[in-house]
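Asker: Residues -15 to -1, 1 to 213 in mature numbering (1 follows the signal peptide of the UniProt record, and there is no 0) are what the sequence shown lists, from first letter to last.
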Amino acid sequence: MKYLSIFLLATFALAGDAPISTDSKGSPSLIAKFEKTSKSNIEGTIKFTPANNGTVSVSVDLKGLPSDIGPFPYHVHEKPVPASKNCSATENHFNPYNGTVRAATPAAHEVGDLAGKHGNIMGESYKTEYDDSYISLNEKSRSYIGGLSIVIHANNGTRLNCANITLLDEGHGNANTTMSNSSSSSSQSAVNTSSSMASTAPQGNGAERPVVNDLLAAGVVGVIAALI
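Below you can see the structure in the form of structure tokens.
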């Protein structure tokens, strides 16, 4: 019982709301382009463009969805899709602020949980548009999604299809494949480093959260040590 209490205390203390991101204005648009595979007929695009208020406008246009295993959750995942197209390699949901599944508010969700915040994909073809206030197109943001991936799931959690999030070539409407996963990883590392130093940055760019998390983590460690 003591160890269960410690675990629950640590989980509660480290979970936190994601800050609203309003730093995407002027940033390049991104796109996830889904193509048919030997195992999936799903194809289409999910586009991310800067909104006038600095948040992100999302446009979903998909078809070829199975008729019998929906509705379809979809999420931004923390790793890119490899050349083998193995969707399992994308690993977990993108979750820089330790959000939770089935959270009561959008801010408390995982940043990458698009379905949790905006609803599942429905039907054999699906189109929708919405604004997301928690992902970012700004490379300096902790919530930046460039170089990551999106996975579409069946209603039982099976990964049906996946696509990398790449730069959108506005002139031709195609994905610009010059964005490398290694450079994206470097950007993410640089963001984490600079964010940890910027404890007085405004909430909108997410820079202050690492400091808060560090303090919470330190407090949890102290409580755990005392309980043990």
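Virtual Cβ for every residue (Gly too), placed ideally from N, Cα, C.
Kindly indicate which residue of Arg144, Ile106, Thr75, Ser126 has the alpha-carbon position closest to the one of Val45.
Answerer: That would be Ile106, whose Cα lies nearest to the Cα of Val45.
Asker: State buried or exposed for Ser73, treating a residue as buried only when at least 16 other CB atoms are found within 10 Å of its CB.
Answerer: exposed
Asker: Is DSSP giving Pro13 helix, strand or coil here?
Answerer: coil
Asker: Could you tell me which residues DSSP puts in a beta bridge with Tyr114?
Answerer: Checking the displayed sequence, the identity of residue 114 turns out to be Glu instead of Tyr. Answer is Ser44, bridged to Glu114.
Asker: Please classify Gly11 as buried or exposed, where buried requires at least 16 neighbouring CB atoms within 10 angstroms.
Answerer: Gly11 is exposed by the Cβ-count criterion.
Asker: Give a yes or no on whether the C-beta atoms belonging to Gly1 and Tyr82 are separated by under 7 angstroms.
Answerer: yes
Asker: Would you mind reading off the limits of the alpha helix (DSSP H) that contains His103?
Answerer: 99 to 103
Asker: Please classify Ser128: does DSSP put it in a helix, a strand, or coil?
Answerer: coil
Asker: Please name the residue in Gly101, Ala93, Phe57 whose C-alpha comes closest to that of Arg144.
Answerer: Answer by Cα proximity: Phe57.
Asker: Measuring alpha carbon to alpha carbon, tell me which residue in Tyr111, Asn71, Ala89, Pro4 is nearest residue 220.
Answerer: The requested residue 220 does not occur in the structure, where the chain is confined to residues -15 to 213.
Asker: Have a look at Thr151, Thr90, Ser121, Val136 and flag the residue whose alpha-carbon is nearest the alpha-carbon of Ser42.
Answerer: Ser121
Asker: Whole angstroms is fine: what's the gap from Asn26's alpha carbon to Leu50's?
Answerer: 7 angstroms
Asker: What is the rounded straight-line gap between the Cα of Ala139 and the Cα of Ile54?
Answerer: 6 angstroms
Asker: Please report how far the alpha carbon of Asp117 lies from the alpha carbon of Ser69, in whole angstroms.
Answerer: 30 angstroms
Asker: Suppose the cutoff is 8 angstroms on Cβ atoms and the five residues either side in sequence are ignored; what does the same chain contact list for Gly39 look like?
Answerer: Ser6, Thr7, Asp8, Ser9, Lys10, Gly189
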